[in-house]
Ligand code: NI
């Protein structure tokens, strides 16, 4: 599989889960803008057979290089950033939830999901747009997870698939700042993640980021009833050049920590 084919699959899945995304992209393209994807992010569980290191070979196979690890203490996450073979190709960010740090009930729910995963499925790159690899959880378990870890609830209900694509603001001609882009997104009727401020980061840390609030769709739960749950969102990133004159290649954990909340059932609005 080529890198372009890989991202075509990801976009098809992401656009179906995130109806706002093709609309936001089209609105910028209608103004003559070229949309370049800064990065795609995935979420998984630090459990066999779907841990971060089990998914990584699919990125290495299409030319990605591990760049830098990140840690999110409050959210109980570990993550890695990956650099693409060429500058204008998307970076990739993969995070995994540390299950050992959850409450016994939440940990048991998540272990029960991972135990259902067919390990052979994980050996194929399409695991990265597979969605749920387990039976739907009960709505009771889902609500329990939401109270303890929004990230756990999201992975349980949505599965493994691109969590967001990101418009690279650097490539836009008429919009120079993340805030300018957020205003367009709001003008189209979509909410903006304001947790920690609308724009996370600053030129000082060489990266500014903002995001929409995730779309909400009916998803199945184990009681046979579909209920609304947050799916995926669009991110917007502007990179600045460092002392070496090159655009900052990595991620900023403090900013990403707040961006995660774009899929919160309860938060990200204040
Ligand atoms: Ni991101």
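In the numbering used here, the protein residues as written are 57 to 326. C-beta atoms are modelled at their ideal positions from N, C-alpha and C, and glycine is treated no differently.
Boundaries cannot be given for residue 184, as no alpha helix (DSSP H) includes it and DSSP labels it neither H nor E. Closest by C-alpha distance to residue 266, out of 250, 202 and 189, is 250. For residue 149, the shortest separation between its Cβ and any heavy atom of the ligand NI lies below 7 Å. Among the bridge pairs identified by DSSP, residue 100 is matched with 152. DSSP, read as helix, strand or coil, puts residue 134 in strand. Beta-bridge partners assigned by DSSP to residue 86: none are found. Per DSSP, the unbroken alpha helix (DSSP H) holding residue 243 starts and ends at 234-243.
Taking C-alpha positions only, residue 61 is separated from residue 148 by approximately 15 Å. Remark: fewer than three beta-carbon pairs, one from each stretch, lie closer than 8 Å, so the stretch 195-203 and the stretch 117-132 are not flagged as touching.
For residue 155, the closest of 108, 139, 240 and 84 by C-alpha to C-alpha distance is 108. Closer than 7 Å to some heavy atom of the ligand NI: that describes the Cβ of residue 97.
Non-local beta-carbon contacts of residue 111 in its own chain, meaning distances under 8 Å to residues more than five positions away in sequence, involve 98, 100, 150, 178, 183, 184 and 216 in chain order. Residue 208 sits away from residue 269, with the two beta carbons spaced by 8 Å or more.
Placement of the Cβ of residue 291 at a distance of less than 7 Å from at least one heavy atom of the ligand NI is found.
Leaving aside the five residues that flank residue 232 on each side, none in its chain has a CB nearer than 7 Å to its CB. Between the stretch 277-288 and the stretch 299-315 there are fewer than three inter-stretch CB-CB distances shorter than 8 Å, so the stretches are not counted as touching. Counting only residues of its own chain and dropping the five nearest sequence neighbours on each side, residue 298 has a CB closer than 6 Å to the CB of 262 and 304.
In the structure shown, residue 109 adopts helical secondary structure according to DSSP, grouped into three states. Shortest Cα-Cα distance from residue 228 to any of 57, 72, 77 and 83 involves 83.
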